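Chemist:
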Amino acid sequence: QKYGNKISWADLLVLAGNVAIESMGGKTFGFGAGRPDIWHPEEDIYWGAEKEWLGDHRYTGDRELENPLAAVQMGLIYVNPEGPNGKPDPVSSGRDIRETFTRMGMNDEETVALIAGGHTFGKAHGAGDAAHVGPEPE
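Here the working numbering runs 167 ahead of the position in the sequence shown, where the first position is 1.
1. Buried or exposed: which applies to N234, given that a residue is buried once 16 or more other Cβ atoms fall within 10 Å of its Cβ?
2. So, using beta-carbon positions, are E219 and R225 closer together than 8 Å?
3. Look up Y226 in the DSSP assignment and give the residues it is bridged to.
4. Under a three-way DSSP split, which group does G199 fall into?
5. Could you tell me if D211 is buried or exposed, where buried requires 16 or more neighbouring beta carbons within 10 angstroms of its beta carbon?
6. To the nearest angstrom, how far is the alpha carbon of R202 from that of N185?
7. Are the Cβ atoms of L232 and E266 separated by less than 8 Å?
8. Measure the alpha-carbon distance for A280 versus D223 and round it to whole angstroms.
9. Are F198 and L180 closer than 8 Å when you measure CB to CB?
10. Please tell me whether M271 and A237 are closer than 8 Å, where the distance is taken between their beta carbons.
11. Consult DSSP for I282 and reduce its assignment to one of helix, strand or coil.
12. What's the gap between the Cα of I205 and the Cα of K173?
13. Short of 7 Å in beta carbon distance, which residues of its chain neighbour T195, apart from the five on each side in sequence? Order them along the chain.
14. Can you have a look at D263 and say buried or exposed, based on whether 16 or more other CB atoms are within 10 angstroms of its CB?
Laid out in structure tokens, this is it:
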């Protein structure tokens, strides 16, 4: 509200991330503004051939993910926290996580750091009983 339309949503999200890291004693690379907001669908990006949300049509054979996609199902950012196709299978989940994050240029160590760090400073989620989940971070 302080800056009104003078800061884009994209810049606001990056700035909020920097502030969060700094509030926990972390170091950032600094902040550079100038990201534009995009208010229409990008027509030059291939999102996959599926027509239904959370379908599994981007796989062939033994869960071979279609190139160049990284998200395992349409409608998800990365992988399904409940397991592949909503089924809690740790081995298949691990395979999906490794494949997805490898396609984003990350190795196993970076993937673990990102996931563990995100769920340490953020909030864990998944197929667990909601009664066992703590409060939102402040």
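The beta carbon of each residue, even a glycine, is placed where N, CA and C say it ideally should be. The structure displayed is predicted, hence computed values, not measured ones.
Modeler: On the basis of the coordinates in this document:
1. On the sequence shown, position 67 is the one that residue 234 refers to. The residue in question, N234, is exposed, as its Cβ has fewer than 16 Cβ neighbours within 10 Å.
2. Start at 1 with the first residue of the sequence shown, and residue 219 comes out as number 52. Start at 1 with the first residue of the sequence shown, and residue 225 comes out as number 58. Against a cut-off of 8 Å, the Cβ pair of R225 and E219 comes out as no contact.
3. In the sequence shown, the residue the question calls residue 226 occupies position 59. Answer by DSSP bridge pairing, in chain order: L232.
4. Mapped onto the sequence shown, residue 199 falls at position 32. It is coil, neither helix nor strand.
5. In the sequence shown, counting from the first residue as 1, residue 211 sits at position 44. Taking all protein chains in view, the Cβ of D211 is surrounded by fewer than 16 other Cβ atoms within 10 Å, so the residue is classified as exposed.
6. Start at 1 with the first residue of the sequence shown, and residue 202 comes out as number 35. Start at 1 with the first residue of the sequence shown, and residue 185 comes out as number 18. Going by the C-alpha atoms only, they are around 15 Å apart.
7. Within the sequence shown, residue 232 is the residue found at index 65, counting from 1. Within the sequence shown, residue 266 is the residue found at index 99, counting from 1. For L232 and E266, yes; Cβs fall inside 8 Å.
8. By 1-based counting over the sequence shown, the position of residue 280 is 113. By 1-based counting over the sequence shown, the position of residue 223 is 56. Distance between the alpha carbons of A280 and D223: 27 Å.
9. Here the question's residue 198 lines up with position 31 in the sequence shown. Here the question's residue 180 lines up with position 13 in the sequence shown. Taking 8 Å as the Cβ cut-off, F198 and L180 do not qualify as a contacting pair.
10. Numbered from its first residue, the sequence shown carries residue 271 at position 104. Numbered from its first residue, the sequence shown carries residue 237 at position 70. Yes; because the gap between Cβ atoms is below 8 Å, this pair is in contact.
11. What you label residue 282 is simply residue 115 of the sequence shown in a count that begins at 1. Of the three classes helix, strand and coil, the one that applies to I282 here is helix, per DSSP.
12. Sequence index remark: in the sequence shown, residue 205 carries index 38 (1-based). Sequence index remark: in the sequence shown, residue 173 carries index 6 (1-based). Each residue's alpha carbon lies about 15 Å from the other.
13. Here residue 195 refers to the residue found at position 28 of the sequence shown. Cβ within range, chain order: N185, I188, E189.
14. Taking the first residue of the sequence shown as position 1, residue 263 is located at position 96. The residue in question, D263, is buried, as its Cβ has 16 or more Cβ neighbours within 10 Å.
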